[in-house]
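Going by the numbering used here, the final residue of the sequence shown carries number 152, and the count climbs one at a time with no gaps. Each remark here refers to the structure printed beneath this line.
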Amino acid sequence: MADNETDMRMDVETVAETSFEDALKHLEDIVHELEGAGLTLDEALRKFETGVKLSRFCHRRLDDAEMRIEELVEGEGGVLRTKQVEIEPELLEP
């Protein structure tokens, strides 16, 4: 999935239709390709731009999930309270 055609098609609408897991996997693939050699400057820039879109998408999805969890805790037992949800650092690392 991490070829040039896929990267060029990865516009905002495509990213929005992607699952979190697929977006994260594609982002990991892009990082590995950028770390390696053999990409032209134009290819590297396209991959970087796609990676930024995917990164933003993943962060939004994590923020949304955190807010949903806080909302569930907030109404528990009829007591209105919020609880900070901490995301484990290893879940954010590729």
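All C-beta atoms in this analysis are idealised placements derived from N, C-alpha and C, irrespective of residue type, glycine included.
- Across the set 106, 81 and 123, the C-alpha of 106 shows the shortest separation from the C-alpha of residue 91.
- If you draw a 10 Å sphere on the C-beta of residue 109, you find 16 or more other C-beta atoms in it, and that means buried.
- Residue range 78-93 is occupied by the alpha helix (DSSP H) that includes residue 81.
- Proximity of the stretch 80-89 to the stretch 109-128 meets the contact definition, three or more beta-carbon pairs being nearer than 8 angstroms.
- In this structure, DSSP gives residue 110 a helical state, which the three-state scheme calls helix.
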